[in-house]
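Structure first, then comments.
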Amino acid sequence: MTAAPQYFNSSQGRVAHWTTGSGPDLVLVHGTPASSHVWHRVIERLQSRWRVFAYDLPGYGLSDQFDGQDVRLRTQAKVLAELLRHWGLERPRLVGHDFGAATVMGAHLVEGCPVRDLVIADGVLLNPWGTPYSMLVQENIRVFEQIPPHIHAAAMTAHLRGTTSRHLTDAELAPLLAPWLGEKGQKAYCRQVAQYDHDYTATLEQLYPKVSVPLHLLWGEEDRWIPIAQGEQFHRLVPGSRFTRLPDAGHFLMLDCPNTVARLIGAETAGG
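FYI, in UniProt numbering the residues of the sequence shown are 1 to 272.
So, in C-alpha coordinates, the structure goes:
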(Lines of atoms letter the chains of each structure in order from A and count residues from 1; the text may use other names and numbers.)
(Lines give C-alpha, C1' and ligand atoms only; values in the text may rest on other atoms or scores of the structure.)
Protein backbone atom coordinates (compact mmCIF):
# COMPACT_ATOMS: atom_id res chain seq x y z
CA MET A 1 0.00 0.00 0.00
CA THR A 2 1.42 3.39 -0.98
CA ALA A 3 -1.04 5.75 0.76
CA ALA A 4 -0.44 6.62 4.40
CA PRO A 5 -2.46 4.36 6.69
CA GLN A 6 -5.03 5.25 9.27
CA TYR A 7 -4.69 3.61 12.67
CA PHE A 8 -7.22 1.84 14.87
CA ASN A 9 -6.50 1.14 18.54
CA SER A 10 -7.32 -2.56 18.82
CA SER A 11 -7.05 -4.88 21.81
CA GLN A 12 -3.58 -5.83 20.49
CA GLY A 13 -2.20 -2.40 19.70
CA ARG A 14 -2.51 -0.01 16.79
CA VAL A 15 -3.66 -1.55 13.53
CA ALA A 16 -2.70 0.11 10.25
CA HIS A 17 -5.58 0.14 7.76
CA TRP A 18 -6.59 1.62 4.42
CA THR A 19 -9.86 2.25 2.56
CA THR A 20 -10.22 3.02 -1.13
CA GLY A 21 -12.80 2.91 -3.91
CA SER A 22 -16.58 2.89 -3.93
CA GLY A 23 -19.27 0.25 -4.15
CA PRO A 24 -20.13 -2.78 -2.00
CA ASP A 25 -17.82 -3.41 0.95
CA LEU A 26 -14.96 -5.88 0.53
CA VAL A 27 -12.33 -6.65 3.20
CA LEU A 28 -8.95 -8.18 2.32
CA VAL A 29 -7.09 -10.11 5.03
CA HIS A 30 -3.49 -11.14 4.39
CA GLY A 31 -1.58 -14.12 5.77
CA THR A 32 1.86 -14.93 7.16
CA PRO A 33 4.60 -13.93 6.78
CA ALA A 34 3.10 -11.04 4.84
CA SER A 35 1.26 -7.74 5.10
CA SER A 36 -1.51 -5.97 3.21
CA HIS A 37 1.11 -5.16 0.56
CA VAL A 38 0.49 -8.56 -1.04
CA TRP A 39 -2.91 -7.26 -2.17
CA HIS A 40 -1.72 -4.02 -3.82
CA ARG A 41 -2.16 -5.16 -7.44
CA VAL A 42 -5.56 -6.67 -6.67
CA ILE A 43 -6.72 -3.49 -4.92
CA GLU A 44 -5.81 -1.43 -7.99
CA ARG A 45 -8.15 -3.61 -10.04
CA LEU A 46 -11.03 -3.75 -7.53
CA GLN A 47 -11.35 -0.15 -6.36
CA SER A 48 -13.43 1.00 -9.33
CA ARG A 49 -16.27 -1.38 -8.34
CA TRP A 50 -15.82 -2.06 -4.62
CA ARG A 51 -15.11 -0.11 -1.46
CA VAL A 52 -11.98 -1.99 -0.45
CA PHE A 53 -10.71 -2.28 3.13
CA ALA A 54 -7.26 -3.67 3.87
CA TYR A 55 -5.17 -3.79 7.02
CA ASP A 56 -2.01 -5.20 8.54
CA LEU A 57 -2.71 -7.86 11.15
CA PRO A 58 -1.45 -7.00 14.66
CA GLY A 59 2.23 -7.94 14.73
CA TYR A 60 2.59 -7.54 10.96
CA GLY A 61 3.51 -4.79 8.49
CA LEU A 62 2.94 -1.28 9.84
CA SER A 63 0.76 -2.43 12.73
CA ASP A 64 2.19 -2.52 16.24
CA GLN A 65 4.72 -5.19 17.16
CA PHE A 66 5.68 -5.57 20.81
CA ASP A 67 6.88 -8.06 23.40
CA GLY A 68 4.03 -10.00 24.96
CA GLN A 69 1.69 -9.30 22.04
CA ASP A 70 -0.97 -11.96 21.41
CA VAL A 71 -0.94 -12.72 17.68
CA ARG A 72 -2.66 -16.12 17.74
CA LEU A 73 -5.30 -16.92 15.13
CA ARG A 74 -8.12 -16.66 17.67
CA THR A 75 -6.95 -13.17 18.60
CA GLN A 76 -6.64 -12.12 14.95
CA ALA A 77 -10.28 -13.16 14.46
CA LYS A 78 -11.30 -11.02 17.43
CA VAL A 79 -9.36 -8.03 16.12
CA LEU A 80 -11.00 -8.41 12.70
CA ALA A 81 -14.39 -8.34 14.45
CA GLU A 82 -13.29 -5.16 16.26
CA LEU A 83 -12.28 -3.59 12.94
CA LEU A 84 -15.56 -4.49 11.24
CA ARG A 85 -17.42 -2.72 14.04
CA HIS A 86 -15.05 0.26 13.83
CA TRP A 87 -15.63 0.54 10.07
CA GLY A 88 -19.38 0.16 10.56
CA LEU A 89 -19.62 -2.74 8.09
CA GLU A 90 -22.74 -4.87 8.38
CA ARG A 91 -22.40 -7.58 5.71
CA PRO A 92 -19.15 -7.22 3.78
CA ARG A 93 -17.48 -9.71 1.50
CA LEU A 94 -14.55 -11.12 3.49
CA VAL A 95 -11.49 -12.33 1.60
CA GLY A 96 -8.81 -14.27 3.46
CA HIS A 97 -5.45 -15.56 2.25
CA ASP A 98 -3.24 -18.07 4.07
CA PHE A 99 -3.40 -17.29 7.83
CA GLY A 100 -6.02 -14.67 6.94
CA ALA A 101 -8.38 -17.44 5.82
CA ALA A 102 -8.67 -18.84 9.35
CA THR A 103 -8.93 -15.26 10.62
CA VAL A 104 -11.91 -14.64 8.34
CA MET A 105 -13.56 -17.96 9.17
CA GLY A 106 -13.08 -17.35 12.89
CA ALA A 107 -14.54 -13.85 12.68
CA HIS A 108 -17.63 -15.26 10.97
CA LEU A 109 -18.11 -18.61 12.70
CA VAL A 110 -16.81 -17.89 16.21
CA GLU A 111 -17.10 -14.12 16.66
CA GLY A 112 -20.46 -14.04 14.87
CA CYS A 113 -19.69 -11.37 12.27
CA PRO A 114 -22.37 -11.40 9.55
CA VAL A 115 -21.03 -11.47 5.99
CA ARG A 116 -22.39 -11.16 2.47
CA ASP A 117 -20.13 -14.00 1.31
CA LEU A 118 -16.60 -15.38 1.63
CA VAL A 119 -13.60 -15.82 -0.64
CA ILE A 120 -10.70 -17.95 0.55
CA ALA A 121 -7.34 -18.07 -1.26
CA ASP A 122 -4.75 -20.78 -0.50
CA GLY A 123 -5.94 -20.79 3.07
CA VAL A 124 -4.68 -22.01 6.42
CA LEU A 125 -7.86 -23.91 7.24
CA LEU A 126 -7.09 -27.50 8.27
CA ASN A 127 -4.50 -29.16 10.44
CA PRO A 128 -1.65 -29.76 9.95
CA TRP A 129 -0.34 -26.43 8.67
CA GLY A 130 2.96 -24.57 8.69
CA THR A 131 5.84 -24.74 6.22
CA PRO A 132 8.87 -26.93 6.99
CA TYR A 133 10.91 -23.79 7.66
CA SER A 134 8.39 -22.19 10.00
CA MET A 135 7.97 -25.44 11.92
CA LEU A 136 11.76 -25.66 12.30
CA VAL A 137 11.69 -22.13 13.70
CA GLN A 138 8.90 -23.05 16.11
CA GLU A 139 10.77 -26.11 17.36
CA ASN A 140 13.95 -24.08 17.90
CA ILE A 141 12.49 -20.69 18.71
CA ARG A 142 15.24 -19.52 21.10
CA VAL A 143 17.90 -20.28 18.51
CA PHE A 144 16.12 -18.38 15.74
CA GLU A 145 15.50 -15.41 18.02
CA GLN A 146 19.26 -15.10 18.44
CA ILE A 147 20.73 -15.93 15.03
CA PRO A 148 22.69 -13.05 13.44
CA PRO A 149 20.48 -10.60 11.51
CA HIS A 150 22.15 -11.31 8.16
CA ILE A 151 21.45 -15.03 8.51
CA HIS A 152 17.83 -14.34 9.45
CA ALA A 153 17.49 -12.03 6.44
CA ALA A 154 18.97 -14.64 4.09
CA ALA A 155 16.66 -17.35 5.45
CA MET A 156 13.58 -15.14 5.13
CA THR A 157 14.58 -14.16 1.60
CA ALA A 158 14.79 -17.81 0.56
CA HIS A 159 11.55 -18.59 2.39
CA LEU A 160 9.59 -15.81 0.66
CA ARG A 161 10.98 -16.70 -2.75
CA GLY A 162 9.05 -19.95 -2.42
CA THR A 163 5.69 -18.16 -2.38
CA THR A 164 5.30 -17.66 -6.13
CA SER A 165 5.56 -19.83 -9.21
CA ARG A 166 7.63 -17.18 -10.99
CA HIS A 167 10.83 -15.52 -9.82
CA LEU A 168 10.27 -12.45 -7.66
CA THR A 169 12.56 -9.56 -8.52
CA ASP A 170 14.53 -7.90 -5.74
CA ALA A 171 12.22 -4.87 -6.03
CA GLU A 172 9.14 -7.09 -5.60
CA LEU A 173 10.68 -8.97 -2.71
CA ALA A 174 11.85 -5.93 -0.73
CA PRO A 175 8.44 -4.80 0.66
CA LEU A 176 7.54 -8.40 1.54
CA LEU A 177 10.79 -8.82 3.46
CA ALA A 178 11.03 -5.40 5.14
CA PRO A 179 8.66 -6.00 8.11
CA TRP A 180 10.77 -8.97 9.26
CA LEU A 181 14.20 -7.32 9.20
CA GLY A 182 16.13 -5.77 12.06
CA GLU A 183 15.87 -6.76 15.71
CA LYS A 184 12.20 -5.77 15.94
CA GLY A 185 11.20 -7.61 12.76
CA GLN A 186 13.12 -10.75 13.66
CA LYS A 187 11.44 -10.86 17.07
CA ALA A 188 8.04 -10.25 15.45
CA TYR A 189 8.52 -13.15 13.04
CA CYS A 190 9.58 -15.52 15.81
CA ARG A 191 6.71 -14.32 18.00
CA GLN A 192 4.02 -15.16 15.48
CA VAL A 193 5.56 -18.54 14.63
CA ALA A 194 5.83 -19.40 18.34
CA GLN A 195 2.09 -18.72 18.66
CA TYR A 196 0.86 -20.90 15.81
CA ASP A 197 -2.64 -21.81 16.96
CA HIS A 198 -3.42 -25.35 15.77
CA ASP A 199 -6.02 -25.81 18.51
CA TYR A 200 -8.03 -22.99 16.95
CA THR A 201 -8.03 -24.51 13.47
CA ALA A 202 -9.14 -27.80 15.08
CA THR A 203 -12.10 -25.90 16.55
CA LEU A 204 -12.90 -24.29 13.20
CA GLU A 205 -12.85 -27.66 11.43
CA GLN A 206 -15.94 -28.65 13.42
CA LEU A 207 -17.75 -25.47 12.34
CA TYR A 208 -17.05 -25.39 8.59
CA PRO A 209 -20.11 -27.52 7.65
CA LYS A 210 -22.26 -24.80 9.24
CA VAL A 211 -21.23 -22.16 6.67
CA SER A 212 -24.45 -20.98 5.03
CA VAL A 213 -23.24 -18.09 2.87
CA PRO A 214 -21.69 -18.37 -0.61
CA LEU A 215 -18.03 -19.37 -0.41
CA HIS A 216 -15.49 -19.45 -3.23
CA LEU A 217 -12.11 -21.17 -2.82
CA LEU A 218 -9.17 -20.12 -5.01
CA TRP A 219 -6.02 -22.24 -5.05
CA GLY A 220 -2.75 -22.00 -6.93
CA GLU A 221 -1.84 -25.32 -8.54
CA GLU A 222 1.84 -24.55 -7.88
CA ASP A 223 1.38 -23.80 -4.16
CA ARG A 224 4.42 -25.28 -2.41
CA TRP A 225 3.27 -24.19 1.06
CA ILE A 226 -0.26 -25.59 1.34
CA PRO A 227 -1.07 -28.52 -0.98
CA ILE A 228 -4.06 -28.07 -3.25
CA ALA A 229 -5.39 -31.38 -1.87
CA GLN A 230 -5.97 -29.60 1.43
CA GLY A 231 -8.09 -27.00 -0.35
CA GLU A 232 -10.11 -29.75 -1.99
CA GLN A 233 -10.63 -31.38 1.42
CA PHE A 234 -11.98 -28.09 2.82
CA HIS A 235 -14.21 -27.71 -0.25
CA ARG A 236 -15.85 -31.04 0.60
CA LEU A 237 -16.58 -29.82 4.14
CA VAL A 238 -18.57 -26.77 3.03
CA PRO A 239 -21.80 -27.66 1.21
CA GLY A 240 -22.36 -25.57 -1.91
CA SER A 241 -18.88 -24.06 -1.96
CA ARG A 242 -17.11 -23.41 -5.24
CA PHE A 243 -13.49 -24.40 -5.97
CA THR A 244 -11.29 -22.80 -8.63
CA ARG A 245 -7.78 -24.01 -9.47
CA LEU A 246 -5.35 -21.43 -10.81
CA PRO A 247 -2.70 -22.91 -13.13
CA ASP A 248 0.80 -21.44 -12.86
CA ALA A 249 0.01 -19.75 -9.53
CA GLY A 250 1.89 -20.37 -6.30
CA HIS A 251 0.95 -19.67 -2.70
CA PHE A 252 0.99 -15.89 -3.17
CA LEU A 253 -1.36 -16.27 -6.13
CA MET A 254 -2.23 -12.55 -6.11
CA LEU A 255 1.37 -11.79 -7.11
CA ASP A 256 1.46 -14.46 -9.82
CA CYS A 257 -1.84 -13.59 -11.52
CA PRO A 258 -3.38 -10.36 -10.14
CA ASN A 259 -5.81 -9.93 -13.03
CA THR A 260 -7.36 -13.36 -12.56
CA VAL A 261 -7.44 -13.10 -8.77
CA ALA A 262 -9.05 -9.65 -8.90
CA ARG A 263 -11.66 -10.88 -11.39
CA LEU A 264 -12.56 -13.87 -9.21
CA ILE A 265 -12.55 -11.93 -5.93
CA GLY A 266 -14.66 -9.19 -7.49
CA ALA A 267 -17.22 -11.48 -9.11
CA GLU A 268 -20.86 -10.61 -8.50
CA THR A 269 -21.44 -13.72 -6.36
CA ALA A 270 -18.62 -15.42 -4.47
CA GLY A 271 -20.25 -18.83 -4.62
CA GLY A 272 -20.56 -18.76 -8.39
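Ideal placement from N, C-alpha and C gives every residue a C-beta, glycine not left out.
>> I need the DSSP call for Tyr208, collapsed to helix, strand or coil.
In response: The DSSP-derived three-state label of Tyr208 is helix.
> In this structure, does DSSP put Ser134 in helix, strand or coil?
Replying inline: Look at Ser134 here: in three-state DSSP terms it is helix.
>> On the criterion of 16 or more Cβ atoms from any shown chain inside 10 Å, does Lys78 qualify as buried, or is it exposed?
In response: Buried, since its Cβ has 16 or more Cβ neighbours within 10 Å.
>> Is the separation between the beta-carbon of Gly112 and that of Thr103 shorter than 8 Å?
In response: Between Gly112 and Thr103, the gap from beta carbon to beta carbon reaches 8 Å or more.
> Whose C-beta lies closer than 6 Å to the C-beta of Arg72 among residues of the same chain, with five residues either side of it excluded?
Replying inline: Answer for Arg72: Gln195 and Asp197, listed in chain order.
> Can you tell which of Ile151, Leu215 and Val193 has its C-alpha closest to the C-alpha of Ala267?
Replying inline: Leu215
> Excluding sequence positions up to five away, which residues of its chain have a Cβ less than 8 Å from the Cβ of Pro209?
Replying inline: Leu237, Val238 and Pro239
> How should Ser212 be labelled, buried or exposed, when 16 other C-beta atoms within 10 angstroms of its C-beta is the threshold for buried?
Replying inline: Label assigned to Ser212: exposed.
> If you draw a straight line from the alpha carbon of Leu246 to that of Leu125, how long is it in whole angstroms?
Replying inline: 18 Å
>> Count Cβ pairs between the stretch 172-188 and the stretch 124-139 that sit closer than 8 Å; are there 3 or more?
In response: no
> Within 10 angstroms of its Cβ, does Asp199 collect 16 or more other Cβ (buried), or is it exposed?
Replying inline: exposed
> Can you tell me whether His86 is buried or exposed, with buried defined as 16 or more other CB within 10 angstroms of its CB?
Replying inline: exposed
> What residue from Pro24, Gly23 and Asn9 has the CA that sits closest to His17's CA?
Replying inline: Asn9
> Where do the N-terminal and C-terminal ends of the beta strand (DSSP E) with Trp219 fall, by residue?
Replying inline: Leu215 to Gly220
>> Counting C-beta neighbours from all protein chains within 10 Å, is the total for His167 16 or more, i.e. buried, or is it exposed?
In response: exposed
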